[in-house]
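Taking it in order: structure first as structure tokens, then the write-up.
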Amino acid sequence: MSGLGGTLMQGMAFGAGSEVAHQAVRGIMGTGHSASGHNEAQSSPQQITEPCMQENQNFMNCLQYNKNEISMCQSYLDLFKQCKGQF
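By numbering that gives the first Met the number 0, the letter at position 39 of the sequence shown is numbered 38, and the numbering carries on one by one without gaps.
This is the structure we're talking about:
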């Protein structure tokens with residue numbers, strides 16, 4: 000039971016950390032969309048409305064791959080911030 004409970008808690012912690020990271024990126028991007036809302040760029044990959052969408056996606060993929068360890072993705076975050084500074 001403790002193994003299953005530990006796995007469950009770890010999964011919940013990962014999910015919460017992932018949402019925190021996504022909210023942080025949404026704050027940086029200034030989209031203001033909630034986690035339950037979908038924007039057009041998410042539902043239609045052909046319509047890119049955000050000039051830094053690729054940098055954002057690279058950062059999010061890095062976070063997912065590295066289990067939300069933001070220090071491992073700092074270079075992607077820096078590129079995203081640099082892109083946002085241009086617009």
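For every residue, glycine included, the Cβ atom is placed at its ideal position computed from N, Cα and C.
- Contact between Cys61 and Cys72 holds, since their C-beta atoms are separated by about 4 angstroms, short of 8 angstroms.
- For the pair Phe79 and Glu54, the CB atoms are nearer than the 8 angstroms cut-off.
- In the structure shown, the three-state DSSP call for Asn65 is coil.
- Counting of Cβ neighbours within 10 angstroms places Asn67 among the buried residues, the total reaching 16 or more.
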